[in-house]
Amino acid sequence: MLSRSFSVLKTRNVVRALSTSLKSYPINGFFDAKSYAIIGASEKQGSLGYIISDNFYHKFQGKTYFVNPKGGKLFDQPIYKSASEIPDTIEGVVISISAKFTVDALKQCLERGAKWVTIVPGGFRETGTKEGIEAEKEIVRLANEYKCRIIGPNCMGVYDPRNVDTMFIGDRGLSKPKLGPVGLFSQSGALGTALLNELSGATQEPWISRFISFGNACDVDEKDCIDYYEQDPSVKQIWAYMEGFHNAPEFIRSVKRISQKKPVMVLKANRGNSGAKASASHSASLAANDAVCDQLLRNAGAIRCDVWADLHNIGTVLRNQPLPKGRRVAVVTDAGGFGVLLADSVDTYKMNLTDFSPETIKKFRATFPPFYACSNPMDLTGSVKTHEFIEAAKLALDDPNVDSVIFAYQPGAPGLELPLEMAKTIEKNFGPGKTKKPFIVLEFGGKYPDDDVIRDYLKQVGMSCSGPEEGMRVLAKLADYSEYLQLMGAVKSETHPKIDAQLINGYVNKVASKGRYTLTEIEGYDILSACGIRTPDYKLVTAGNDAADFLSKAKTDAKDKFVAKIVSPNIIHKSDVGGVKLGLTTPEEACAVVNELNAKFSKQGIDYHGVMLYKMVPFGTEMMIGANRDATFGPITVSGLGGVLVEVLKDVVFNMCPVSVEEAQMSLDNLKTQKMLNGFRGQPALNRAKFAEYIAIVSEIMTQCEQIKEIDINPLIQLHDGSLTAVDSVFTLKKN
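Note that UniProt numbering has the sequence shown beginning at 1, numbered continuously upward.
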């Protein structure tokens, strides 16, 4: 199964390459078309063709044409034996017949003027068979020829509570939510429709504006969906379920642009190998390294949902509550145990259990009994009365040290109102529009009378869930998004360094033309220096006397020490083979070392260029910048602490190329080793601006010089004056 899946993955790019020319045509017609043909309509109740026809006909406001070779009537409308018999031009089409008949039916529809076609059945590329792959390629070829957009195959299609429903699950099997603010798209049709069902059943609030299930995505994919929702004024939030990417770099760029206007929530599966294998066989999508995926989504301002419930929970708070201005949270509870659990989750989600201001503490002590704790969590004990609970929560909300409040209580406690009345009181005091800070309600306990009604009230004030971990996670995700908006709002313009790409490309192409695909360290230094990244001043020597002469001239201080390092593209880790000598202090020592290295390496049959000498860079903070061409996201940079720590700590951040200096600097806040970067044991704080500039330079090299496959600069040493010097670098080229 797995080997078949990888062969299927290879065909995805072939099929997708055929559809790139379609991207200039809009997809709005899937929702706005004035006429639709249902291919495979059936009079047989319970059949796929009947359910789709029933759902569609009774929702659609335009003209519907039914097609089935058997003919007949459906809902008092004629069933045409082929699309060719339809007397009028058709704009939209839903195809629900066997894969082997789909191509011919599609061609008939295209000849009748169809511009938006949803192909529901499977049996195409996802099967891994030659027949399925070729059929999907032919679908895309026809779409190109007739300038038509395709959703599917192997999908549920589209849903709009106002007008369109192509899904093949009837009302008895699927409860569909009312018209609301969310634009949802899903790679999995089943998961997407299950989410619709849950949204409809969980609350009476309206939720969905548009839904798109794109399946194999032979044409319309996640980028088309998010770009469409960007322009749709009825969509206020964008939700996505994805297992893999079809055009990851462009999707990430769209997310970055759109997330500053509308929140984008992404539930991305395939966090590990098991998920990747499952989705490869299910929908033919290759999972990217999840650490890279997670970082790039965060960099673009997406809200990455960890579990299914996050979409609904975060979406509920977003539609009813303001965003937090920071990470300082106050917990108000009637049970110490709840408070302890919430306090534990603060560190997990990088929130701050803030101290209350002196004014708040003064008011609290003047208002409440002495056994109520005005610490954070604010523990009001099981003796608290409803009015006291509300007053304490208002004190917490008004505190200038507080950015958000979690109100955790157990309905039915002796001093509180009955559960339904308590919910109404909470909504009355803290409902939508009544607070300037997010107010999250956590209801602990089991079922109560009128439980569904209670939860509806609490949903309106942003009750996220029944557990402390999920409640704190919701706040943390919203704080992340708020921080992103604040940072991007402060960026007036983005800086992209200028590099001489023509010079670099000429340099690397000359090397590659000789059949060599690793640059020497000197060649790497030359490229970095030309781009503005500081490197040591070096001298390439081939004889001991030349080394002695260089040292005598270059040594300006008695404390100066020098490095001798062999130069060969065949040996990357030179210290492992004794190709590096440190601490040279005299011309005589340099002469002897160079002669020794020449004797050892010049006769090994390697491409040996000689020995490079340079002054040792003083001890300082070691950083690293790397770059490679990710199979999913294209060129990316990776940066963090360098030297041996990069392998031990594995604390790095990723950026998609090209990245601006400002974005690169923001991404550094995601490193876990902030204490070391802010100055540790006498070391100066990292010069973040210069380090970010170097990251941006490397990203420009990768963007503009496609012959370069990988770059590894490690260590990049920061000195006490804040300057950074690239001490070691490796450039690897693509093999043609």
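Ideal Cβ placement from N, Cα and C applies to all residues, glycine included.
Tell me which residues share the same chain as Leu420 and place their Cβ nearer than 7 Å to its Cβ, disregarding the 5 neighbours each side in the sequence. Asp450, Val453, Ile454
Could you pull the DSSP bridge partners for Gln237 from this structure? Val182
Which of helix, strand or coil DSSP assigns to Met702: If DSSP states are grouped into helix, strand and coil, Met702 belongs with the helices.
Which one of Pro161, Gly192, Leu191 has the shortest CA to CA distance from Pro181? Pro161
If we call anything under 7 Å between Cβ atoms a contact, is Ser345 one with Met472? Between Ser345 and Met472, the gap from beta carbon to beta carbon is short of 7 Å.
Using 8 Å as the threshold, is the region 685-693 in touch with the region 664-672, meaning 3 or more CB pairs across them? With contact defined as three or more Cβ pairs closer than 8 Å, the region 685-693 and the region 664-672 are in contact.
Considering Gly506, what are the terminal residues of the beta strand (DSSP E) in which it resides? It is not in any beta strand (DSSP E) - Gly506 instead sits in the alpha helix (DSSP H) that spans 501-512.
Identify, in the order they occur along the chain, each residue of the same chain with its Cβ nearer than 7 Å to the Cβ of Asn655, setting aside the five sequence neighbours on each side. Asn299, Ile636, Thr637, Glu663, Ala664, Ser667, Ile695, Ser699
Below 8 Å on the Cβ atoms is my guess for Ser568 versus Asp526; work out the distance and round it to an integer in Å. Between Ser568 and Asp526, the beta carbon gap of about 16 Å keeps them out of contact (Cβ cut-off 8 Å).
Of all the alpha helix (DSSP H) runs that stay within the bounds of the region 102-189, which reach a length of 4 or more residues? 130-146
What do you get for Gly189, buried or exposed, if any count of 16 or more other CB atoms within 10 angstroms of its CB means buried? Residue environment for Gly189: buried (at least 16 other C-beta atoms within 10 angstroms of its C-beta).
Rounded straight-line distance, which links the Cα of Pro658 to that of Val255: If I take the Cα positions, the gap works out to 15 Å.
Buried or exposed: Gln674, going by 16 or more other Cβ atoms within 10 Å of its Cβ? exposed
Quick check on Tyr228: does DSSP put it in helix, strand or coil? helix
For the alpha helix (DSSP H) containing Thr348, list its first residue and its last residue. 336-348
Under 7 Å between C-beta atoms of Leu296 and Ile252: The answer is yes: Cβ separation under 7 Å.
Within 10 angstroms of its Cβ, does Phe56 collect 16 or more other Cβ (buried), or is it exposed? By the neighbour-count definition (other C-beta atoms within 10 Å, threshold 16), Phe56 is a buried residue.
Tell me whether Gly46 is buried or exposed, calling it buried when 16 or more other Cβ atoms sit within 10 Å of its Cβ. Result: exposed.
Nearest-angstrom Cβ-Cβ length linking Val652 and Gly640, presumed shorter than 8 Å: 4 Å
Can you look up Met666 in the DSSP assignment and give me helix, strand or coil? Here Met666 sits in helix by DSSP.
Let me check understanding here. Comparing Cα to Cα, which of Leu724, Lys735, Lys615 lies closest to Ala547? Taking only the C-alpha atoms, the option nearest Ala547 is Lys615.
Short of 8 Å in beta carbon distance, which residues of its chain neighbour Asp500, apart from the five on each side in sequence? Order them along the chain. Ala530, Cys531
Could you tell me how far apart the beta carbons of Pro249 and Phe550 are, in whole angstroms, since I believe they sit closer than 8 Å? Their Cβ separation, rounded to whole angstroms, is 45 Å, which puts Pro249 and Phe550 out of contact at 8 Å.
For a quick check, are the C-beta atoms of residue 743 and Val331 less than 7 Å apart? An answer regarding residue 743 cannot be provided, because it is not within the stretch 1 to 736 covered by the chain.
So Arg112 and Ala143 are in contact, right, with Cβ under 8 Å, and what is the actual spacing, rounded? Not a contact, Cβ separation roughly 15 Å.
Straight-line gap, Leu311 to Ile571 (C-alpha atoms, nearest Å): 50 Å
Could I get the ranges of all uninterrupted beta strand (DSSP E) runs contained in the region 532-612, with 3 residues as the minimum, in chain order? You should have 538-541, 562-567, 580-584.
So, under 8 Å CB-CB, Lys561 and Thr535 are touching, yes? Tell me the CB distance rounded to an integer number of Å. Actually they do not touch by this definition, with Cβ atoms about 18 Å apart.
Option in Ala194, Thr360, Arg328, Leu528 with minimal Cα separation from Gly170: Ala194
Please identify the residue among Ser575, Asn154, Lys363, Pro411 whose C-alpha is closest to the C-alpha of Arg125. Considering only alpha carbons, the answer is Asn154.
From what residue to what residue does the beta strand (DSSP E) around Lys709 run? 708-718
If I follow the unbroken beta strand (DSSP E) through Leu724, where does it start and stop? Its beta strand (DSSP E) spans residues 724-726.
Who are the near neighbours of Ile708 in its chain, counting only those whose CB is closer than 7 Å to its CB and skipping five residues on each side? Val508, Ile701, Met702, Phe731, Leu733
Beta-carbon contacts of Pro587 that lie in its chain and below 7 Å, excluding the five residues immediately before and after: Ala548, Leu551, Ser552
Sub-7 Å separation of Asp403 and Gly515 beta-carbons: no
Do Arg149 and Asp219 come within 7 Å of each other at the CB atom, strictly closer than that value? yes
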